[in-house]
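Colleague: Going by UniProt numbering, the sequence shown opens with residue 1, and the numbers climb by one from there. Below: one structure in structure tokens.
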Amino acid sequence: MDSSFPIKDTIYDYYVDPGQRCFMPWDAKLSDNWKYNENEPFYKIIVPTVDTVRYEYLVSKMLQDGYPVLLVGNVGTGKTSTAVSVMESCDNTKYTVLSINISAQTTAAGLQESIENRTEKRTKTHFVPIGGKRMICFMDDFNMPAKDTYGSQPPLELIRQWIDYKYWFNRRTQQKIYVVNALVMAGMGPPGGGRQEISSRTMSRFYLLNLTFPTETVIMRIFGSMLKQKLLIFSNEIREMWHSITAATINLYNDVIVRMLPTPTKSHYLFNLRDISKVFQGLLRASSESQVKKAQFLRLWIHECFRVFSDRLVDDFDLGWFLDEMNAVFGRYMEVTFHSLCPNKMSPIFGDFMSMQGYYEDLDFAKLR
Numbered sequence: 001m002d003s004s005f006p007i008k009d010t011i012y013d014y015y016v017d018p019g020q021r022c023f024m025p026w027d028a029k030l031s032d033n034w035k036y037n038e039n040e041p042f043y044k045i046i047v048p049t050v051d052t053v054r055y056e057y058l059v060s061k062m063l064q065d066g067y068p069v070l071l072v073g074n075v076g077t078g079k080t081s082t083a084v085s086v087m088e089s090c091d092n093t094k095y096t097v098l099s100i101n102i103s104a105q106t107t108a109a110g111l112q113e114s115i116e117n118r119t120e121k122r123t124k125t126h127f128v129p130i131g132g133k134r135m136i137c138f139m140d141d142f143n144m145p146a147k148d149t150y151g152s153q154p155p156l157e158l159i160r161q162w163i164d165y166k167y168w169f170n171r172r173t174q175q176k177i178y179v180v181n182a183l184v185m186a187g188m189g190p191p192g193g194g195r196q197e198i199s200s201r202t203m204s205r206f207y208l209l210n211l212t213f214p215t216e217t218v219i220m221r222i223f224g225s226m227l228k229q230k231l232l233i234f235s236n237e238i239r240e241m242w243h244s245i246t247a248a249t250i251n252l253y254n255d256v257i258v259r260m261l262p263t264p265t266k267s268h269y270l271f272n273l274r275d276i277s278k279v280f281q282g283l284l285r286a287s288s289e290s291q292v293k294k295a296q297f298l299r300l301w302i303h304e305c306f307r308v309f310s311d312r313l314v315d316d317f318d319l320g321w322f323l324d325e326m327n328a329v330f331g332r333y334m335e336v337t338f339h340s341l342c343p344n345k346m347s348p349i350f351g352d353f354m355s356m357q358g359y360y361e362d363l364d365f366a367k368l369r
């Protein structure tokens, strides 16, 4: 095998292919023919990217070798979706899955009971997962439990003890209970907003994997591939807009998160990648019967951007800035203006409750009144 590193990109963009005995880029594992299932709920759609392939590979390998994994990242980086993808890819005949959503009210006793309820007694002191399988225990929002008087988080200390010694105690008899054949995986965001800073002793028991925000190229692949597939049945002028609509949405999002920052009086000005997904969730509801012309589809995009971003703004100055920004984005990517699409200077409203066929269509204000 050639021992030299690839010249292009970084070493993190490659993996070792034992078959070809060389470094291969992670994007070689991606398929150009991927399509999403249009009948599947939007929140279940996971577009394969270099990041998802890389994270899922690392998590799977660590779980196979029995190492506890802790996924850390901001909102929208894919912690939960990565964990769910890994768990769904496991052989159902060999693995069983337990997902626990932890909150500030979670107690050590409640967490212990949740795990024990998914096991069966093998001997007096040994519990195993039901059916003789290995259990993957995934705990989301791992750092949410409130700290006690002494600054510790009892649910997390219970998990640390379980990882260290493979047992905890019966709360009535104080007898040791060994819970075996279980794998631990957890996900959490950075401290702040109700999330606590966990102890170094607990964190040291995990293999820590930091999930970063996807690059703009990856975001383009995620949302562009879905929109491109959706528009295949539309007219040519709409079908060709998938790239400009995707790029314009990302550009608008980047401008919003730079300008619309949270303040004490606007503490809800918190935008993340989920806001982009909400825009595309609305765009994927379009129908070729109700959106026939380019202007009609652009009005749908205006509605989704106003619904996701503008509806969160609270004063005239911010609303005016957003309208000017929409005009600038239109001029940059579509070569039209907001006022030419919306002569009444108001955002259109779309809904499916006025159509007998359930189409997501542009609603007439007069009929709504």
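Where is the CB? At the ideal position from N, CA and C, for every residue including glycine.
Could you check if methionine 346 is buried or exposed, using at least 16 other CB atoms within 10 Å of its CB as the buried criterion?
Modeller: One-based indexing of the sequence shown puts residue 346 at position 346. By the neighbour-count rule (16 or more Cβ atoms within 10 Å), methionine 346 is not buried but exposed.
Colleague: Using the Cα positions of glycine 192 and serine 152, report the straight-line distance between them to the nearest angstrom.
Modeller: Start at 1 with the first residue of the sequence shown, and residue 192 comes out as number 192. Start at 1 with the first residue of the sequence shown, and residue 152 comes out as number 152. Roughly 17 angstroms between the two C-alpha positions.
Colleague: Provide the residue span of the alpha helix (DSSP H) that contains arginine 195, from first to last.
Modeller: By 1-based counting over the sequence shown, the position of residue 195 is 195. First-last for arginine 195: undefined, no H or E at that position.
Colleague: Measuring CB to CB, does tyrosine 14 end up less than 7 angstroms from phenylalanine 23?
Modeller: As a position in the sequence shown, residue 14 is number 14, starting the count at 1. As a position in the sequence shown, residue 23 is number 23, starting the count at 1. Their beta carbons are under 7 angstroms apart, which means tyrosine 14 touches phenylalanine 23 by this criterion.
Colleague: Alpha carbon to alpha carbon, what distance is there between phenylalanine 223 and serine 277?
Modeller: Stepping through the sequence shown from its first residue, residue 277 is reached at position 277. Stepping through the sequence shown from its first residue, residue 223 is reached at position 223. Going by the C-alpha atoms only, they are around 8 angstroms apart.
Colleague: Helix, strand or coil for threonine 249 per DSSP?
Modeller: As a first step, residue 249 must be located in the sequence shown, where it is residue number 249. Threonine 249 falls in the helix class under three-state DSSP.
Colleague: Taking the alpha-carbon of alanine 108 as reference, which of Arg171, Val292 and Cys342 has the nearest alpha-carbon?
Modeller: As a first step, residue 108 is located in the sequence shown; it is residue number 108 there, counting from the start. Measuring from the Cα of alanine 108, the nearest candidate turns out to be Arg171.
Colleague: Which stretch, first to last residue, makes up the beta strand (DSSP E) that contains proline 25?
Modeller: Start at 1 with the first residue of the sequence shown, and residue 25 comes out as number 25. Where proline 25 is concerned, the enclosing beta strand (DSSP E) stretches over 22 to 25.
Colleague: What is the C-beta distance between isoleucine 245 and leucine 227, in whole angstroms, given that I count them as a contact (C-beta under 8 angstroms)?
Modeller: As a position in the sequence shown, residue 245 is number 245, starting the count at 1. As a position in the sequence shown, residue 227 is number 227, starting the count at 1. Contact holds; Cβ gap of about 6 angstroms.
Colleague: Excluding the 5 residues flanking tyrosine 360 on each side, which residues of the same chain have their C-beta closer than 6 angstroms to its C-beta?
Modeller: Indexing the sequence shown from 1 puts residue 360 at position 360. Excluding residues within five positions, the ones whose Cβ falls inside 6 angstroms are Arg285, Phe350 and Asp352.
Colleague: Can isoleucine 177 and aspartate 141 be called in contact, C-beta distance under 7 angstroms?
Modeller: Here residue 177 is taken as the residue at index 177 of the sequence shown, counted from 1. Here residue 141 is taken as the residue at index 141 of the sequence shown, counted from 1. Result no, Cβ atoms of isoleucine 177 and aspartate 141 do not sit closer than 7 angstroms.
Colleague: Kindly indicate which residue of Leu208, Ser340 and Leu298 has the alpha-carbon position closest to the one of glycine 73.
Modeller: Mapped onto the sequence shown, residue 73 falls at position 73. Of the listed residues, the one whose Cα sits closest to glycine 73 is Leu208.
Colleague: Quick one: give me the first and last residue of the beta strand (DSSP E) that tryptophan 168 is part of.
Modeller: Position 168 of the sequence shown, counted from the first residue, corresponds to residue 168. Here the beta strand (DSSP E) through tryptophan 168 covers 167 to 169.
Colleague: Taking just the CA atoms, how far does leucine 30 sit from threonine 82?
Modeller: On the sequence shown, position 82 is the one that residue 82 refers to. On the sequence shown, position 30 is the one that residue 30 refers to. If you take the alpha carbons of threonine 82 and leucine 30, they lie about 16 angstroms apart.
Colleague: On the CB-based measure, 16 or more other CB atoms within 10 Å of its CB, does glycine 282 come out buried or exposed?
Modeller: Working through the sequence shown from its first residue, we reach residue 282 at position 282. Classification of glycine 282: buried, given that the 10 Å Cβ count is 16 or more.
Colleague: Skipping 5 residues on each side, what residues in its chain have a beta carbon closer than 8 angstroms to that of isoleucine 130?
Modeller: Against the sequence shown, residue 130 aligns to sequence position 130. Cβ neighbours of isoleucine 130 beyond the five flanking positions: Thr96, Arg118, Thr119 and Glu120.
Colleague: Ignore the nearest five residues each way along the sequence and tell me which others in isoleucine 100's own chain have a CB closer than 6 angstroms to its CB.
Modeller: For this step, residue 100 is matched to residue 100 along the sequence shown. Answer for isoleucine 100: Ser114 and Met139, listed in chain order.
Colleague: Any contact between the region 44 to 58 and the region 148 to 163? By contact I mean 3 or more CB pairs, one from each, below 8 angstroms.
Modeller: Not touching, per the Cβ criterion.
Colleague: Output the boundary residues of the beta strand (DSSP E) element that contains serine 200.
Modeller: For the purposes of this step, residue 200 is identified with residue 200 of the sequence shown, where counting begins at 1. Taken as a continuous stretch (DSSP letters only), serine 200 belongs to no beta strand (DSSP E), being part of the alpha helix (DSSP H) at 200 to 203.
Colleague: Roughly how far, in whole angstroms, is the beta-carbon of methionine 62 from the beta-carbon of valine 69, given that I think they are within contact range, below 8 angstroms?
Modeller: Here residue 62 refers to the residue found at position 62 of the sequence shown. Here residue 69 refers to the residue found at position 69 of the sequence shown. Right, the Cβ-Cβ distance comes to about 5 angstroms (below 8 angstroms), so this counts as a contact.
Colleague: Determine the DSSP secondary structure at lysine 8, reduced to helix, strand or coil.
Modeller: Residue 8 sits at position 8 when you count from the first residue of the sequence shown. If DSSP states are grouped into helix, strand and coil, lysine 8 belongs with coil.
Colleague: Determine the DSSP secondary structure at asparagine 344, reduced to helix, strand or coil.
Modeller: Working through the sequence shown from its first residue, we reach residue 344 at position 344. Asparagine 344 falls in the coil class under three-state DSSP.
Colleague: Out of Arg259, Asn92, Asp315 and Val218, which one is the CA nearest neighbour of cysteine 27?
Modeller: Residue mapping note: residue 27 aligns to position 27 of the sequence shown, counting from 1. Correcting the residue type first, residue 27 is aspartate in the shown sequence and not cysteine. For the residues Arg259, Asn92, Asp315 and Val218, the minimum Cα distance to aspartate 27 belongs to Val218.
Colleague: Taking the continuous beta strand (DSSP E) assigned at histidine 126, which residues delimit it?
Modeller: Locating residue 126 in the sequence shown gives position 126, where the first residue counts as 1. 126 to 129 is the span of the beta strand (DSSP E), which, as asked, contains histidine 126.
Colleague: Roughly how many whole angstroms lie between the Cα atoms of valine 292 and serine 235?
Modeller: The residue given as residue 292 occupies position 292 in the sequence shown. The residue given as residue 235 occupies position 235 in the sequence shown. Approximately 7 angstroms, taken between the alpha carbons.
Colleague: With distance defined between alpha-carbon atoms, name the residue in Gly194, Gln175, Ser267 and Leu156 nearest to methionine 203.
Modeller: As a position in the sequence shown, residue 203 is number 203, starting the count at 1. It is Leu156 whose Cα lies nearest to the Cα of methionine 203.
Colleague: Taking asparagine 236 as part of the alpha helix (DSSP H), name the residues at either end of that continuous run.
Modeller: The residue you call residue 236 lines up with position 236 of the sequence shown. Taken as a continuous stretch (DSSP letters only), the alpha helix (DSSP H) holding asparagine 236 covers 236 to 239.
Colleague: Hey, quick one: how far does the alpha helix (DSSP H) through valine 218 stretch, first residue to last?
Modeller: Your numbering for residue 218 matches position 218 in the sequence shown. From DSSP, the alpha helix (DSSP H) with valine 218 extends over 216 to 230.
Colleague: In whole angstroms, give me the CA-to-CA distance for isoleucine 302 and asparagine 143.
Modeller: Here residue 302 refers to the residue found at position 302 when the sequence shown is read from its first residue. Here residue 143 refers to the residue found at position 143 when the sequence shown is read from its first residue. Approximately 38 angstroms between the Cα atoms of the pair.
Colleague: Which residue or residues does DSSP assign as beta-bridge partners of lysine 79?
Modeller: Your numbering for residue 79 matches position 79 in the sequence shown. DSSP output for lysine 79 lists no bridge partner at all.
Colleague: Can threonine 10 and arginine 221 be called in contact, C-beta distance under 7 angstroms?
Modeller: Counted from its first residue, the sequence shown places residue 10 at position 10. Counted from its first residue, the sequence shown places residue 221 at position 221. No, these two residues do not count as a Cβ contact at 7 angstroms.
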